[in-house]
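Numbering (the numbering used here), first residue to last: 38 to 284. Glycine residues also receive a C-beta, built at the ideal position from the N, C-alpha and C atoms. Have a look at the structure below, then the notes.
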């Protein structure tokens, strides 16, 4: 009981913060290539505990040096993942993202349907909480209502903007002809540039990216670093309404 009375509000806050850091660190490692590394770290911790418990001085000293070097190695190994985490922390919004009205969703769906029927390649990015202002700067500012005819004209093969992406922010078409990240192309060589850039953007942000293939006319959706291929118009509508429409 005496120990409980000695715990202050600062101690509780301290414990909560440390617990959250450890929790998200474990989640981070489980979602990356560090799962096997995580098991190795746990084994080293167990060995270190027994080395200290049984007073194995030399082994304990060696393990301390290994952990010191290991911290540096972790930063090097997880440099790409850490960069993405820091980018998200620096661009996260505190306010909820904009919603879409049913009329706007219908205009978007009709445009995608047209692209599928006519095998026109397109990339449409729907912003959520991560601001995409840096990506809109790479394209041509539009600032227009979401309109089927405008989207069709943008992605018309004869349009100078058709190779880039359209970014929808705050219920409006913010920009067109935008350049998205296309790193790690070799690892996903069986996909086209549109699909690769869509996956990469969805890894770096929480945006939803809609892609139509000019070769097959099929719809794909990139979200959370995953690519969902051959999506039907009905499934696309359900996903958009679930994520962006509020009754």
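Residue 131, buried or exposed, once every other Cβ within 10 Å from all chains shown has been counted against 16: Working through the chain shown from its first residue, we reach residue 131 at position 94. Summary for residue 131: the model assigns pLDDT 46, below 50, so the residue's position carries little reliability; its value from the coordinates is reported in the next sentence. Burial call: exposed.
Cα-Cα separation, residue 169 to residue 91: For this step, residue 169 is matched to residue 132 along the chain shown. For this step, residue 91 is matched to residue 54 along the chain shown. One C-alpha to the other measures close to 55 Å.
Local Cβ density within 10 Å of residue 222, reported as buried at 16 or more and exposed below that: As a first step, residue 222 must be located in the chain shown, where it is residue number 185. Interpretation of residue 222 is limited by its pLDDT of 46, a score under 50 that renders its predicted location unreliable; no figure is taken from the coordinates.
Exposed unless 16 or more other CB atoms sit within 10 angstroms - verdict on residue 139: Taking the chain shown and counting its residues from 1, one reaches residue 139 at position 102. By the 10 Å Cβ count, residue 139 comes out exposed.
CB-CB length for residue 248 against residue 160, believed under 8 Å: Residue mapping note: residue 248 aligns to position 211 of the chain shown, counting from 1. Residue mapping note: residue 160 aligns to position 123 of the chain shown, counting from 1. Indeed, because the Cβ distance is near 5 Å, the residues count as touching under 8 Å.
Nearest neighbour of residue 198, chosen from 177, 145, 50 [CA to CA]: The residue you call residue 198 lines up with position 161 of the chain shown. Checking every option, the nearest Cα to that of residue 198 belongs to 177.
Same chain, Cβ closer than 6 Å to residue 259, neighbours up to 5 away in sequence not counted: Along the chain shown, read from residue 1 onward, the residue named residue 259 stands at position 222. 235, 236, 239, 246, listed in sequence order.
Span separating the alpha-carbon of residue 45 from that of residue 53: Looking up residue 45 in the chain shown gives position 8. Looking up residue 53 in the chain shown gives position 16. The alpha-carbon atoms of residue 45 and residue 53 are separated by roughly 13 Å.
Segment contact flag, the region 144-155 with the region 266-278, C-beta cutoff 8 Å, min 3 pairs: yes
Where the beta strand (DSSP E) containing residue 235 begins and where it ends: If you number the chain shown from 1, residue 235 lands on position 198. No beta strand (DSSP E) contains residue 235, which is instead part of the alpha helix (DSSP H) from 230-241.
Nearest candidate by alpha-carbon position, reference residue 280, set 250, 165, 262: By 1-based counting over the chain shown, the position of residue 280 is 243. Checking every option, the nearest Cα to that of residue 280 belongs to 165.
Closest Cα partner of residue 181 within the set 270, 59, 213: Position 144 of the chain shown, counted from the start, is the residue given in the question as residue 181. Residue 181 has its Cα closest to that of 213, out of 270, 59, 213.
Helix, strand or coil at residue 44 according to DSSP, with G and I counted as helix: Reading the chain shown from its first residue, position 7 is the one you call residue 44. Looking at residue 44 - three-state DSSP - the assignment turns out to be coil, as it is neither helix nor strand.
Cβ-Cβ distance between residue 189 and residue 201 below 8 Å: Counted from its first residue, the chain shown places residue 189 at position 152. Counted from its first residue, the chain shown places residue 201 at position 164. Not closer than 8 Å, so no.
Option in 231, 157, 262 with minimal Cα separation from residue 244: Sequence index remark: in the chain shown, residue 244 carries index 207 (1-based). When only C-alpha atoms are compared, the closest one is 262.
Residue from 105, 172, 194, 269 whose Cα sits closest to the Cα of residue 155: Locating residue 155 in the chain shown gives position 118, where the first residue counts as 1. Among 105, 172, 194, 269, the Cα nearest to that of residue 155 is on 194.
Identity of the residues DSSP links to residue 265 by a beta bridge: Looking up residue 265 in the chain shown gives position 228. The partner list for residue 265 (beta bridge, DSSP) reads 258.
In DSSP terms, what residue 204 is bridged to: To locate residue 204, count along the chain shown from 1; it is residue 167. Answer by DSSP bridge pairing, in chain order: 162, 212.
Helix, strand or coil at residue 171 [DSSP, three-state]: Against the chain shown, residue 171 aligns to sequence position 134. It is helical.
Environment of residue 141 [buried if 16+ CB atoms lie within 10 Å]: Start at 1 with the first residue of the chain shown, and residue 141 comes out as number 104. Counting Cβ neighbours within 10 Å, residue 141 comes out buried, since at least 16 surround it.
According to DSSP, residues forming a beta bridge with residue 178: Position 141 of the chain shown, counted from the first residue, corresponds to residue 178. The partner list for residue 178 (beta bridge, DSSP) reads 212.
Closer than 7 Å: residue 200 CB and nearest the ligand ATP heavy atom: As far as ligands go, the structure on display features none, and thus does not contain the ligand ATP.
Buried versus exposed call for residue 153 [16 or more other C-beta atoms within 10 Å across all chains shown]: Translated into positions along the chain shown, residue 153 becomes position 116. With 16 or more Cβ atoms within 10 Å of its Cβ, residue 153 is classed as buried.
DSSP three-state assignment for residue 57, whether helix, strand or coil: Mapped onto the chain shown, residue 57 falls at position 20. Correct three-state label for residue 57: helix.
Bounding residues of the beta strand (DSSP E) (the contiguous stretch that carries residue 157): One-based indexing of the chain shown puts residue 157 at position 120. Note, residue 157: premise wrong, no beta strand (DSSP E); not H, not E.
Selected residue, minimal CA-CA separation from residue 241, among 207, 162, 61, 251: Residue numbering aside, residue 241 sits at position 204 when the chain shown is read from its first letter. Here the closest residue by C-alpha is 162.
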